[in-house]
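Quick note on this note's numbering: the sequence shown kicks off at 29 and runs consecutively.
Idealized CB from N, CA, C, for every residue including glycine.
Let me begin by presenting the structure, written as structure tokens, before commenting on it.
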Amino acid sequence: MNIIFLGPQSCGKGTQAELLSEKLNISIVTTGNIFRSKKASGDEEGKLIASYIDKGNLVPDELTDKIVRDELQKEEYQNGVILDGYPRNLNQAEELDKYFRVDKVIFLNVPDAIVLKRMSNRRICEKCGANFNLISKSPKEGGKCDSCGSNLIQREDDTEEVIAVRLNSYHRLTEPLIDYYEKQRKLIRIDGTKTIEGVHEEVMKHVTRNT
Numbered sequence: 029m030n031i032i033f034l035g036p037q038s039c040g041k042g043t044q045a046e047l048l049s050e051k052l053n054i055s056i057v058t059t060g061n062i063f064r065s066k067k068a069s070g071d072e073e074g075k076l077i078a079s080y081i082d083k084g085n086l087v088p089d090e091l092t093d094k095i096v097r098d099e100l101q102k103e104e105y106q107n108g109v110i111l112d113g114y115p116r117n118l119n120q121a122e123e124l125d126k127y128f129r130v131d132k133v134i135f136l137n138v139p140d141a142i143v144l145k146r147m148s149n150r151r152i153c154e155k156c157g158a159n160f161n162l163i164s165k166s167p168k169e170g171g172k173c174d175s176c177g178s179n180l181i182q183r184e185d186d187t188e189e190v191i192a193v194r195l196n197s198y199h200r201l202t203e204p205l206i207d208y209y210e211k212q213r214k215l216i217r218i219d220g221t222k223t224i225e226g227v228h229e230e231v232m233k234h235v236t237r238n239t
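Structure below.
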């Protein structure tokens with residue numbers, strides 16, 4: 029089964045993708061992880077990606093599409109995959125449909141006010157990139173990553189001003205995907221304001237239906 033998670037920043041996509049991945053035993057593909065891996069490789073594509081990311085710019089659709097397509101051709105994803113962070117706009121969604129079967133699209137609906145609160149309390153591991161939240165997903169040991177024990181930090185762009193800009197970008201570019209996948213009868217709307225466990229229960233109910 030191939031599943032896409034949609035929703036604004038800090039709606040819980042990453043957490044729910046991880047929980048679903050464990051239940052279904054399928055891998056997660058995120059553009060963030062692919063970009064980091066490419067940058068670390070130091071090859072030509074990696075250098076090109078770095079030239080955009082290091083300046084705070086978005087990686088162009090054409091390059092993003094190629095890298096995701098190359099990734100999804102790998103054998104490990106042939107029995108199913110969870111996409112988190114891609115597609116981000118209609119152009120990417122249309123490109124994905126040319127070669128990839130999307131079975132279900134899970135939209136985690138969270139109001140802007142709650143997104144702002146969640147993001148201001150977000151912390152990430154400076155080493156492995158694991159995500160935590162001081163409200164809903166606090167670390168077991170204060171200030172330390174549960175996975176690797178490294179320090180947790182607040183992203184420099186997790187300020188209200190920057191978050192507002194990113195939310196505006198989400199509404200403009202990514203929200204149209206909701207209508208796109210709804211017309212394909214693949215969209216599943218879930219209230220993302222519930223507890224992590226509550227959201228996961230809803231996700232599982234819809235994903236296992238008719239499968």
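- Looking at the DSSP output, Lys165 shares a beta bridge with Asn161.
- Secondary structure at Asp112: strand, using DSSP grouped into helix, strand and coil.
- DSSP lists Asn137 as the bridge partner or partners of Asp219.
- Your pair Gly108 and Ile54 checks out as a contact, with CB atoms roughly 4 Å apart and the cut at 8 Å.
- Here Asn117 is near Asp89, since their CB atoms are less than 9 Å apart.
- In this chain, the beta strand (DSSP E) harbouring Thr58 covers Ser55 to Thr58.
- Under the three-state reduction of DSSP output, Phe63 falls in the helix class.
- Excluding its 5 nearest sequence neighbours in each direction, Pro115 has C-beta neighbours in its own chain below 6 Å: Ala121 and Leu124, listed in chain order.
- Beta-bridge analysis with DSSP links Leu76 to no other residue.
- The C-beta distance from Phe135 to Gly40 rounds to 12 Å, too long to fall under 8 Å, and the pair is not in contact.
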